[in-house]
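I have placed the structure first, in the form of structure tokens, so that the comments after it can refer back to it.
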Amino acid sequence: MRRSSIMLTVSVAVAALVPVAAATSSAALGLRPATTTADTVSTLTAGRAEGAAPLVIGHRGASGYRPEHTLASYELAARMGADFIEPDLVSTKDGVLVARHEPEIGGTTDVADHPEFADRRVTKMLDGVAVTGWWTTDFTLAELKTLRAKERLPLIRQENTLWDERFEVPTFEEVLTLRERLSRELRRPIGVYPETKHPTFFKQLGLALEPKVVRALRTHDLDRRNAPVFVQSFELTNLGTLRNLYGLRVPLVFLTSASGAPYDLVAKGDPRTYADLTTAPSLKKLARTINGLGPDKAQVIPRNADGTLAASATSLVTDAHAAGLQVHPYTFRAENTFLPVDYRTGTSDADFGRALDEQVRYLETGIDGLFTDQPDIGVAARDAFVAEQSRAAAGERRAS
């Protein structure tokens, strides 16, 4: 299914995809608000209330429509109805938090086109793996601001390349300021869901992320239990540091993978893997520090050997809820290449498939929210799921 078709399916106006800069107005985009209310968002950060709608989290903004981790991407996500925008945080050489998927920026900026930075291309060890490229840790913020963002997946998201080199690399401060403006303009709280990327890597360089994250949230009066904030990480040590050393009050989310282990544990010689850490007994122990789990969606419903979606979910959502944890799986994307085989439509990897149906299927497992590159589709899936739940509840009441 082509993109134009799926847009009509989820009832988002064609105007939703008009050019958008960081300061584009709501009226110019013509997008409808999210179905969640201010009270819902505040409540959900402390624990999803009975009957409350699951959260839609704009993964790196609306990265299915704009180059990821740009103010334009975050703004479009909010205007499409996302409850939260998600910046991945890394540090510059001079200790400023900026939003990039990785500290290596060769694939997400035009740095390779800047001859003045050619000698900055080096190989570093990132979580035990040698990676060659350009690193935020070798650039001051002023230098980084001379670069421009570009689409990370140009072969799959060719339309996004229209926006290459139009947007700066934003600081976390700029993201938080944008969040405040959009919350006022859209008359609902836009949540922020920052991820501390590779915290062990940055700590070893003397550029620890934790104190900067805490300082920024407190500067913006967001270190409150009911603030629309989650802080997430694939590592456990820094989540413990945020809670126990810095006293961060907002909910903490432990990101997990279908394979491998947290690098902080690997670096310490701790043999536990993500599989070990997501057993029911382990989740109960982790719940002393964390408030939520962000699993790979394959940990919720796996895929069969032929690439189709399994008929049954795992026990992960049930086990996490029993431990008092919310569950926000990642990453839901509309393009065929990212979908289970039985949810693909057409022959092109870049075509949109049955993404809405896939997300509804996952919502039926009881998850509390989901990360999506196309927030409009996430909102439509959430709305369809909530409507079906309401119809089922009404039917039960009539039957009783």
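If you use mature numbering (1 follows the signal peptide of the UniProt record, and there is no 0), the sequence shown corresponds to residues -27 to -1, 1 to 373, in order.
Beta carbons: idealized from backbone N, C-alpha and C, even for Gly.
Treat the numbers as computed from the prediction; the structure is a model and nothing was measured.
TODO: Apply the 10 Å Cβ neighbour rule to residue 59 and answer buried if 16 or more other Cβ atoms are within range, or exposed otherwise.
DONE: Result: buried.
Open item on the list: Is the beta carbon of residue 159 closer than 9 Å to that of residue 52?
Closed with: Contact flag set, yes.
- [ ] Please specify which runs of the beta strand (DSSP E), each continuous and at least 3 residues long, are wholly inside the region 66 to 111, giving them in chain order.
- [x] Here the runs fully enclosed are 70 to 72, 95 to 99 and 102 to 106.
Open item on the list: Given this structure, state the Cα-to-Cα distance separating residue 130 from residue 373, to the nearest angstrom.
Closed with: Cα atoms of residue 130 and residue 373: separation of roughly 50 Å, rounded to the nearest angstrom.
- [ ] In the DSSP assignment, find the unbroken alpha helix (DSSP H) run with residue 174 in it and report its ends.
- [x] Unbroken alpha helix (DSSP H) run through residue 174: 172 to 177.
Task: Pairwise C-alpha distance: residue 258 and residue 313 - done: Whole-angstrom Cα-Cα distance: 33 Å.
Task: Environment of residue 217 [buried if 16+ CB atoms lie within 10 Å] - done: Burial call: exposed.
Task: Residue of 364, 347, 95 and 67 minimising C-alpha distance to residue 180 - done: Checked all of 364, 347, 95 and 67; the closest Cα to residue 180 is 67.
Task: Sequence-distant residues of its chain with Cβ nearer than 7 Å to residue 84 (five each side left out) - done: 78, 90, 107 and 120.
- [ ] Report, in whole angstroms, the separation of the C-beta atoms of residue 189 and residue 146, which I expect to be a contact under 8 Å.
- [x] Rounded, the Cβ-Cβ distance is 6 Å, consistent with contact.
TODO: Note the first and the last residue of the continuous beta strand (DSSP E) segment covering residue 64.
DONE: Looking at the DSSP string, the run of the beta strand (DSSP E) that includes residue 64 is 61 to 64.
Task: Proximity test, Cβ basis, 9 Å: residue 57 and chain B - done: In the structure shown, chain B does not exist; there is a single protein chain.
Open item on the list: So, with DSSP's three-state summary, where would you put residue 239?
Closed with: In this structure, DSSP gives residue 239 a helical state, which the three-state scheme calls helix.
Open item on the list: Output needed for residue 123: all residues of its chain with C-beta closer than 7 Å, excluding positions within five of it in sequence on either side, in chain order.
Closed with: These residues qualify, in order along the chain: 40, 81, 82, 83, 137 and 138.
TODO: Indicate the three-state DSSP secondary structure (helix, strand or coil) for residue 345 in the structure shown.
DONE: Here residue 345 sits in strand by DSSP.
Open item on the list: Just to confirm my understanding: we take residue 183, look at its own chain, exclude 5 residues before and 5 after, and list those with CB closer than 8 Å. What are they?
Closed with: Beyond the five residues adjoining it in sequence on each side, residue 183 comes within less than 8 Å, by CB distance, of 169, 172, 211, 214, 215, 218 and 219 in the same chain, given in chain order.
TODO: Check each candidate in 65, 242, 252 and 174 and name the one with the smallest Cα separation from residue 97.
DONE: Nearest of 65, 242, 252 and 174 to residue 97, Cα basis: 174.
TODO: Could you spell out the range, first to last residue, of the alpha helix (DSSP H) harbouring residue 294?
DONE: Start and end: 289 to 295.
Open item on the list: Three or more C-beta pairs under 8 Å: does that hold for the region 246 to 262 against the region 275 to 284?
Closed with: With the cut-off at 8 Å, the region 246 to 262 and the region 275 to 284 do not touch.
Open item on the list: Distance check for residue 371 and residue 167, CA to CA, integer angstroms please.
Closed with: Approximately 44 Å, taken between the alpha carbons.
Task: Option in 263, 87 and 30 with minimal Cα separation from residue 163 - done: Comparing Cα-Cα distances from residue 163 to each of 263, 87 and 30, the minimum goes to 30.
Task: Nearest candidate by alpha-carbon position, reference residue 351, set 153, 185, 328 and 365 - done: Nearest Cα to residue 351 within the set 153, 185, 328 and 365: 328.
Open item on the list: Just to confirm before moving on: does the CB-CB distance between residue 342 and residue 27 stay below 9 Å?
Closed with: In this structure, residue 342 places its C-beta atom within 9 Å of the C-beta atom of residue 27.
Open item on the list: Give me the residue from 37, 205 and 193 with the minimum Cα distance to residue 133.
Closed with: Of the listed residues, the one whose Cα sits closest to residue 133 is 37.
Open item on the list: So, for residue 273: in the same chain, excluding its five sequence neighbours on each side, which residues have a beta-carbon less than 7 Å away from its beta-carbon?
Closed with: Only 286, 287, 289, 290, 302, 335, 338 and 340 meet the Cβ criterion.
- [ ] Could you have a look at residue 250 and say whether DSSP puts it in helix, strand or coil?
- [x] Three-state DSSP puts residue 250 in a helix.
Open item on the list: Taking only three categories from DSSP, how would you classify residue 255?
Closed with: Under the three-state reduction of DSSP output, residue 255 falls in the helix class.
- [ ] Select from 292, 309 and 298 the residue whose C-alpha is nearest the C-alpha of residue 321.
- [x] Taking each of 292, 309 and 298 in turn and checking the Cα distance to residue 321, the smallest one comes out for 309.
Task: Sheet register partners of residue 333 (DSSP bridge) - done: Residue 333 is not bridged by DSSP to any residue.
TODO: Could you say which of 242, 148, 225 and 240 lies nearest to residue 72 if we only look at CA atoms?
DONE: The residue with the shortest Cα to Cα distance from residue 72 is 148.
- [ ] May I ask you to list the residues that DSSP assigns as paired with residue 168?
- [x] 61 and 205, per the DSSP bridge assignment.
- [ ] Using the Cα positions of residue 202 and residue 116, report the straight-line distance between them to the nearest angstrom.
- [x] Taking C-alpha positions only, residue 202 is separated from residue 116 by approximately 30 Å.
- [ ] On the DSSP bridge assignment, give the partners of residue 323 in chain order.
- [x] In the DSSP output, where bridge partners are listed per residue, residue 323 has none listed.
Open item on the list: I need the boundaries of the beta strand (DSSP E) containing residue 227, first residue and last residue.
Closed with: Element bounds for residue 227: 225 to 228.
Task: residue 122, DSSP secondary structure in three states - done: DSSP, read as helix, strand or coil, puts residue 122 in strand.
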